[in-house]
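**Student:** Questions regarding the structure given below will be posed in turn.
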Amino acid sequence: MAEYIIKNGHVFDPVQGIKGDKKDICVKDGKIVESVGASAKVIDASGKTVMAGALDIHSHVAGPKVNAGRWYRPEDKHFDSHKKPGITRIEGGKSIPTVFKTGYEYARMGFTFVMEAAMPPLYARHVHEEIHDTPIIDEGALPVLGNNWFIMEYIKNEEIENTAAYIAWILRQTKGYGIKSVNPGGTEAWAWGLNCTTIHDPVPYFDITPGQIMTGLMKANEYLGLPHSVHVHQNDLGNPGNYKTTLETLKLAEGVTVKNAFGREQILHSTHLQFHSYKGTNWGDFESGAKEVMDYVNSNKAITMDTGNVTLDETTTMTADGPFEHHLHSLNHLKWINVDVELETAAGVVPYIYDPNISVCAKQWCIGLELALFAKDPMRCFITTDHPNAGPFTRYPRVYAWLMNKQYRDERLNTFKNADKIISATHLGGIDREITLYELAQMTRAGPAKALGLSADYGGLKAGMNADIAIYNINPDNFPSTGPEIEEAFANVAFLFKDGKICVEDGTIVDMGKKHTFWVDVNVPENKQVMHDIREKFLRYYSLTEANYPVPESYAPHQHIISVDASQ
Ligand SMILES: [Zn+2]
């Protein structure tokens, strides 16, 4: 493989504490190395910003609900579809792009890893087929387990060992990365037309509460010592007053001890916190709860979070939170899908227009930005749009511009309809902070890599780490003074290295690289009880046999397997 030396760039690397110093980065055999030979190709990065490849910790990019969105919203393709010259295929869709466009667009923005945030175990094959077809970027997927019958029964009986053994089995069957919990207990309650909007609501027929499910999942996660923590979408998403349930959920982590394998420190990752930081009692008196929520997050190292920034676009919402999607449909009366997934989960899809002239949308926009601007530890706060729920991931450059340029976001804020009412219901107008390039590298590289247990190889530029490198046309000595200039610079990298190969040059895809599927293989002691329970439930309840459940090897040809030994 070719050797490279990236010369004279301004390097931003939280792993080594480098804050924009000029430093050469050497690349050999897919890794960052201390030095290379005289024949190494020289990349002139003078006047440019050099960071590690970015990681998206939460995005919906592959699997049955994404595909359902694609086929039931053909209009999405009218917003943005094109063929660019070169080696790429046609790129279709805006909020629910094709798998090809997904890979290309992430790479053009400097991303090298994306976590698919919700994989129904029963449909894991579909998720992996789409992951395999997505070019360039590495991906993993989190199986949804917060409404799973096995899990609820084991946790109700306080059988943490059995819960853990079942999770280890699921990760191996689905080639999954970690534990996702969506509206714990509430999605199962939806099968009876009900919901769990607090962590104390009983789940019908299971004699358990969302709080118990969450505590049990966190204990099982730490029993196994998985690379990532439990990843939660809390109860009562999207409703005024929900910040109280959010705080109660986050506090559950206080009772659990982290098994500090893989360098992560958190016990709970709270996702798209924007949707969970609402004060008020109805949509009339709805206001920001970002301050209360971030005061708690700032004081507790056991929590990491991502923002879920509203981008003020038309989009397609999709979540395993079945009752929420029905609720959203009843608010906006647009078409909807709702699906039940046997013993495991549910899902819904509803289009949504975040109209800047509607005060609720404007306030949601403020709250998402406030979360990042209130964050005292950028290593525990990550930028997402919960793609496509709060907006398409292709809007990241605009979100960065709002965070990095107060004037740009104030222009937006002050031109909302009834701006004075929006300003008084939120905090954003009073915040002067502008996120720096170093903080952005923490929020999009080193931070998410650490939270995913990948910090030994990803999210930094230290010798020995994987050579995933993004070079941007940004000169920190002459930082772009306007929002649109910042946006433009982050939308198209000057260069993207993936595994030591140049995949993007001047915003053009030049190589498809070799994408990897990341999953976690846990070794646990043989558990006869759990294997018996699995056999019995497949015979009694599942619509397919146990033999047809696992994801075959051929579905994920390039695997990056992280082995965990939980048997000692
Ligand atoms: Zn999500």
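Note that the sequence shown covers residues 136 to 703 in our numbering.
Don't be surprised by glycine CBs; every beta carbon is placed ideally from N, CA and C.
DSSP state of N202, grouped into three classes?
**Tutor:** On the sequence shown, position 67 is the one that residue 202 refers to. If DSSP states are grouped into helix, strand and coil, N202 belongs with the helices.
**Student:** Sort out for me which residues DSSP pairs T442 with in a bridge.
**Tutor:** The residue given as residue 442 occupies position 307 in the sequence shown. Beta-bridge pairing links T442 to no other residue.
**Student:** Comparing alpha-carbon positions, which option in G443, H468 and T450 lies nearest E505?
**Tutor:** On the sequence shown, residue 505 is found 370 positions in, with the first residue counted as 1. The residue with the shortest Cα to Cα distance from E505 is G443.
**Student:** Any idea which residues DSSP pairs D148 with across the strands?
**Tutor:** Stepping through the sequence shown from its first residue, residue 148 is reached at position 13. Paired residues: I153.
**Student:** Taking one C-beta from the stretch 360 to 372 and one from the stretch 395 to 410 each time, how about it: are there three or more such pairs within less than 8 Å?
**Tutor:** With a cut-off of 8 Å, the stretch 395 to 410 and the stretch 360 to 372 count as touching, because enough Cβ pairs lie within range.
**Student:** Distance, Cα to Cα, T392 vs E357?
**Tutor:** Counting from 1 along the sequence shown, the entry for residue 392 is found at position 257. Counting from 1 along the sequence shown, the entry for residue 357 is found at position 222. Answer to the nearest angstrom: the Cα atoms are 7 Å apart.
**Student:** Helix, strand or coil for H651? Go by DSSP, reduced to three states.
**Tutor:** Along the sequence shown, one-based indexing puts residue 651 at 516. Coil at H651, not helix or strand.
**Student:** Would you tell me roughly how many angstroms separate the C-alpha atoms of P615 and T247, rounded to the nearest one?
**Tutor:** Along the sequence shown, read from residue 1 onward, the residue named residue 615 stands at position 480. Along the sequence shown, read from residue 1 onward, the residue named residue 247 stands at position 112. Straight-line Cα distance between these residues: approximately 24 Å.
**Student:** What does a CB cutoff of less than 6 Å around S412 pick up in its chain, not counting 5 residues either side in sequence?
**Tutor:** One-based indexing of the sequence shown puts residue 412 at position 277. Same-chain partners within the cutoff: Y378, G424, A425, V428 and I502.
**Student:** In chain order, what are the residue ranges of uninterrupted alpha helix (DSSP H) at least 4 long that sit wholly in the stretch 580 to 656?
**Tutor:** DSSP runs (the alpha helix (DSSP H)) wholly in the stretch 580 to 656: 582 to 586 and 618 to 626.
**Student:** Pull up the CB-CB distance for N374 and P319, whole angstroms please, since I reckon it's below 8 Å.
**Tutor:** Within the sequence shown, numbered from 1, the residue matching residue 374 stands at position 239. Within the sequence shown, numbered from 1, the residue matching residue 319 stands at position 184. Wrong, their Cβ atoms sit about 16 Å apart, outside the cutoff.
**Student:** By the DSSP assignment, the beta strand (DSSP E) with S194 in it spans what residues?
**Tutor:** As a first step, residue 194 is located in the sequence shown; it is residue number 59 there, counting from the start. Counting along the chain, the beta strand (DSSP E) containing S194 begins and ends at A189 to S194.
**Student:** Below 7 Å CB to CB, which residues in the same chain sit around P337 once its five sequence neighbours on both sides are set aside?
**Tutor:** Against the sequence shown, residue 337 aligns to sequence position 202. The residues are T344.
**Student:** State the DSSP-derived secondary structure class of Q401, mapped to helix, strand or coil.
**Tutor:** To locate residue 401, count along the sequence shown from 1; it is residue 266. If DSSP states are grouped into helix, strand and coil, Q401 belongs with coil.
**Student:** Give me, in chain order, the residues of the same chain whose beta-carbon lies closer than 7 Å to that of Y289; leave out the 5 immediate sequence neighbours on both sides.
**Tutor:** Reading the sequence shown from its first residue, position 154 is the one you call residue 289. Closer than 7 Å at Cβ, skipping near neighbours: N297, T298 and Y301.
**Student:** Could you check whether A507 and G165 sit closer than 7 Å to each other, using their CB atoms as the reference points?
**Tutor:** In the sequence shown, counting from the first residue as 1, residue 165 sits at position 30. In the sequence shown, counting from the first residue as 1, residue 507 sits at position 372. No, the Cβ-Cβ distance between G165 and A507 is not below 7 Å.
**Student:** Under DSSP, the alpha helix (DSSP H) around N726 begins and ends at which residues?
**Tutor:** Here the chain covers residues 136 to 703 and nothing more, so residue 726 does not appear.
**Student:** Roughly how many whole angstroms lie between the Cα atoms of Y239 and Q664?
**Tutor:** Taking the sequence shown and counting its residues from 1, the one referred to as residue 239 is at position 104. Taking the sequence shown and counting its residues from 1, the one referred to as residue 664 is at position 529. Y239 and Q664: Cα-Cα distance of roughly 46 Å.
**Student:** Do you know how far the Cα of H464 is from the Cα of G328?
**Tutor:** Residue 328 sits at position 193 when you count from the first residue of the sequence shown. Residue 464 sits at position 329 when you count from the first residue of the sequence shown. If I take the Cα positions, the gap works out to 15 Å.
**Student:** Relative to ligand 1, is the shortest distance from any of its heavy atoms to the C-beta of A252 smaller than 6 Å?
**Tutor:** Within the sequence shown, numbered from 1, the residue matching residue 252 stands at position 117. A252 Cβ: within cutoff of ligand 1.
**Student:** Mapping the DSSP letters down to three states, classify Q369 as helix, strand or coil.
**Tutor:** Locating residue 369 in the sequence shown gives position 234, counting from the first residue. Q369: coil per DSSP, three-state reduction.
**Student:** Can the beta-carbon of S230 be found less than 7 Å from the beta-carbon of T450?
**Tutor:** Locating residue 230 in the sequence shown gives position 95, counting from the first residue. Locating residue 450 in the sequence shown gives position 315, counting from the first residue. Result yes, Cβ atoms of S230 and T450 sit closer than 7 Å.
**Student:** Return the residue from the list F397, L596, L548 and I697 that minimises the CA-CA distance to G152.
**Tutor:** Position 17 of the sequence shown, counted from the first residue, corresponds to residue 152. Ranking F397, L596, L548 and I697 by Cα distance to G152 puts L596 first.
**Student:** Going by other Cβ atoms of all chains shown within 10 Å of its Cβ, with 16 needed for buried, is A242 buried or exposed?
**Tutor:** Numbered from 1 along the sequence shown, position 107 holds the residue referred to as residue 242. It counts as buried.
**Student:** Between the Cα of D148 and the Cα atoms of T550, A175, G415 and A189, which residue gives the shortest distance?
**Tutor:** Locating residue 148 in the sequence shown gives position 13, counting from the first residue. It is A189 whose Cα lies nearest to the Cα of D148.
**Student:** Quick check on the burial criterion: 16 or more other C-beta atoms within 10 angstroms. Buried or exposed for E293?
**Tutor:** As a position in the sequence shown, residue 293 is number 158, starting the count at 1. By the 10 Å Cβ count, E293 comes out exposed.
**Student:** Could you spell out the range, first to last residue, of the beta strand (DSSP E) harbouring V317?
**Tutor:** In the sequence shown, residue 317 corresponds to position 182, counting from 1. Unbroken beta strand (DSSP E) run through V317: K315 to V317.
**Student:** Let me know if V279 comes out buried or exposed under the rule of 16 or more other beta-carbons within 10 Å of its beta-carbon.
**Tutor:** Numbered from 1 along the sequence shown, position 144 holds the residue referred to as residue 279. V279 should be labelled buried.
**Student:** Could you give the distance in angstroms between the alpha-carbon of M539 and the alpha-carbon of V150?
**Tutor:** Numbered from 1 along the sequence shown, position 404 holds the residue referred to as residue 539. Numbered from 1 along the sequence shown, position 15 holds the residue referred to as residue 150. Whole-angstrom Cα-Cα distance: 21 Å.
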